[in-house]
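Numbering (mature numbering (1 follows the signal peptide of the UniProt record, and there is no 0)), first residue to last: -29 to -1, 1 to 454.
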């Protein structure tokens, strides 16, 4: 039996915290006098009121949260945050309709970074900050933050942490899950502050620096400028973004151990070595063609190449150049990056390197097993044997991911869009990247899609952010059977 009352209390607590995170946007609206103060305050009030009613209505209920409740809480909470998160858009003077507001909100919370805004710089400052804040909230996950304070509410958090953790594994820094969540958020907040300071030193205004700091560490890619990071021509700013996008795409446990001076724990990570190796090899492989086709100088061509590779692999989605303008072959290479994803346990979306690594290592060992059928050839990651259960889980994930991409592309193309646009829109949505190919390239937006397609792509964003199974399991009869 599912404990719906326990679920109600947890979701109430999440909505209350979510409402409080709307207040900084209201502060910016007040400071800049951009006419969106009422929209921000009303949205925060409504969200906090509903959250309070849910929380205190179930405050005396049994808080026994099991795995099923954990998956249900995560899925439903993201749905509720999407509904309440779109209130500022609906109540402001932007005159957004519901599909547009849902798309923009989910794109923010899932750190996808796709947008329907055609003139970002004309958007009210408070609302624009809320847009960036949704990405920072969704980056490491508001539920991971809430897990850290759940002991104060009398709620256990392990199942929520597992259900929302971005990747096939959720490494612990501490035996107590609350301490793990706290330390992850300390790293997240610390790096956000640091990159914000560097952006400010590099010449951004305080407002731009704060916004871009939030979306850089969230690997979200929302910008306050129509031209994204290309607006800031300073090499210092762009190289700073590259470094922190790369860090945001690194497993946060690896960063934590690196900060503690345990460099052996960093380099012994097979996934981290694969991550940095692929980035280096792709830069070496693509820099000369980009310089040739773009007509830029060596340094600018190298910087654009490195920036686009890191931005797409980490699913950040910032752009400094139109990679679809170089050559069709290069366009397809950059399109492939949409299927990479950086590290598990990072803020990036996508498939993740650990899954690719496991797949290729297992495929390589299969040749050895064919030649030596009686030999026991174990698959090892980080020096530890990978169980058959994990291998099966990863193979199933890759197959389902490919199926969703294929079926999703067919659905979008049936809505009347060309095949390149369908491929690009679905790949970037499920991978939580942002820019793609076709009519959704790095210099385009998603405003031209019809309402149904926007809702469909929003659903794909949620699927990708929650690693497919967290949502898909709700559609199986086994999940709802009493036990």
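Quick reminder that beta carbons are idealized off the backbone N, C-alpha and C, glycines included.
Same chain only: Cβ atoms within 7 Å of residue i, ignoring 5 sequence neighbours per side
i           : result
residue 124 : Confidence at residue 124 is low in this model, with a pLDDT of 44, below 50, so its placement is unreliable and the value that follows should be read with caution. These residues qualify, in order along the chain: -17.
residue 173 : 205, 207, 208 and 211
residue 168 : none
residue 432 : 77, 78, 81, 83, 400 and 403
residue 251 : none
residue 392 : 409, 410 and 411
residue 199 : 289 and 290
residue -7  : 15
residue 447 : none
Contact under 7 Å by Cβ, residue i with residue j
i           : j           : result
residue 395 : residue 411 : yes
residue 70  : residue 426 : yes
residue -2  : residue 110 : no
residue 278 : residue 213 : yes
residue 328 : residue 308 : no
residue 416 : residue 86  : yes
residue -15 : residue 18  : yes
residue 224 : residue 316 : yes
residue 285 : residue 257 : no
residue 445 : residue 371 : no
residue 525 : residue 314 : This structure cannot speak to residue 525, because the chain is shown only from -29 to 454.
residue 293 : residue 414 : yes
residue 348 : residue 340 : yes
residue 217 : residue 281 : yes
residue 46  : residue 10  : no
residue 338 : residue 245 : no
residue 158 : residue 263 : no
residue 342 : residue 350 : no
Where the alpha helix (DSSP H) through residue i begins and ends
i           : result
residue 86  : That residue, residue 86, is in no alpha helix (DSSP H); it is neither H nor E in DSSP.
residue 105 : 96 to 111
residue 206 : 206 to 219
residue 235 : 234 to 238
residue 289 : From DSSP, residue 289 is part of no alpha helix (DSSP H); its letter is neither H nor E.
residue 326 : 324 to 342
residue 182 : 177 to 188
residue 242 : 241 to 265
residue 393 : 390 to 401
residue 309 : Neither: residue 309 is in no alpha helix (DSSP H) and is coded neither H nor E.
residue 364 : 359 to 385
residue 40  : 38 to 56
residue 23  : 8 to 28
residue 435 : 422 to 436
residue 225 : 223 to 230
Residues near residue i in its chain [Cβ-Cβ closer than 6 Å; skip 5 each side]
i           : result
residue 197 : 91 and 92
residue 163 : 184 and 188
residue 72  : 57, 60 and 61
residue 136 : Since pLDDT at residue 136 reaches only 49, below the 50 mark, its modelled position is unreliable, and the value read off the structure follows with that caveat. Cβ within range, chain order: n/a, list empty.
Span separating the alpha-carbon of residue i from that of residue j
i           : j           : result
residue 352 : residue 387 : 44 Å
residue 465 : residue 428 : As displayed, the chain neither begins before -29 nor continues past 454, which places residue 465 out of reach and without an answer.
residue 359 : residue 333 : 11 Å
residue 261 : residue 249 : 17 Å
residue -5  : residue 190 : 20 Å
residue 175 : residue -10 : 27 Å
residue 512 : residue 254 : Because the chain is modelled from -29 through 454, residue 512 falls outside the range shown and cannot be assessed.
residue 24  : residue -13 : 13 Å
residue -20 : residue 449 : 23 Å
residue 1   : residue 108 : 22 Å
residue 182 : residue 155 : 21 Å
residue 239 : residue 247 : 13 Å
residue 297 : residue 39  : 48 Å
residue 152 : residue -22 : 22 Å
residue 4   : residue 99  : 13 Å
residue 266 : residue 89  : 29 Å
residue 330 : residue 242 : 12 Å
residue 273 : residue 335 : 33 Å
residue 180 : residue 171 : 5 Å
residue 361 : residue 390 : 34 Å
residue 305 : residue 452 : 44 Å
residue 65  : residue 398 : 28 Å
residue 430 : residue 44  : 17 Å
residue 215 : residue 424 : 33 Å
Spatial neighbours of residue i in its chain, beta-carbon cut-off 8 Å, leaving aside the 5 residues before and after
i           : result
residue 434 : 375, 401, 442 and 443
residue 102 : 75, 79, 94 and 193
residue 381 : 393
residue 201 : 290, 291 and 292
residue 146 : Only weak support is given to the placement of residue 146: the predicted model assigns it a pLDDT of 47, under 50, and the value that follows is read from those uncertain coordinates. Excluding sequence neighbours, residue 146 sits near nothing in its chain.
When the Cβ atoms of the segment 279 to 292 are set against those of the segment 402 to 412, are three or more pairs found closer than 8 Å? Yes, since at least three Cβ pairs between the segment 279 to 292 and the segment 402 to 412 fall closer than 8 Å, the two stretches touch.
With a cut-off of 8 Å, do at least 3 Cβ pairs link the segment 10 to 26 to the segment 54 to 66? Here the segment 10 to 26 makes contact with the segment 54 to 66; the two share three or more CB pairs at distances below 8 Å.
Between the segment 43 to 53 and the segment 364 to 380, are three or more C-beta pairs nearer than 8 Å? No, the segment 43 to 53 is not in contact with the segment 364 to 380.
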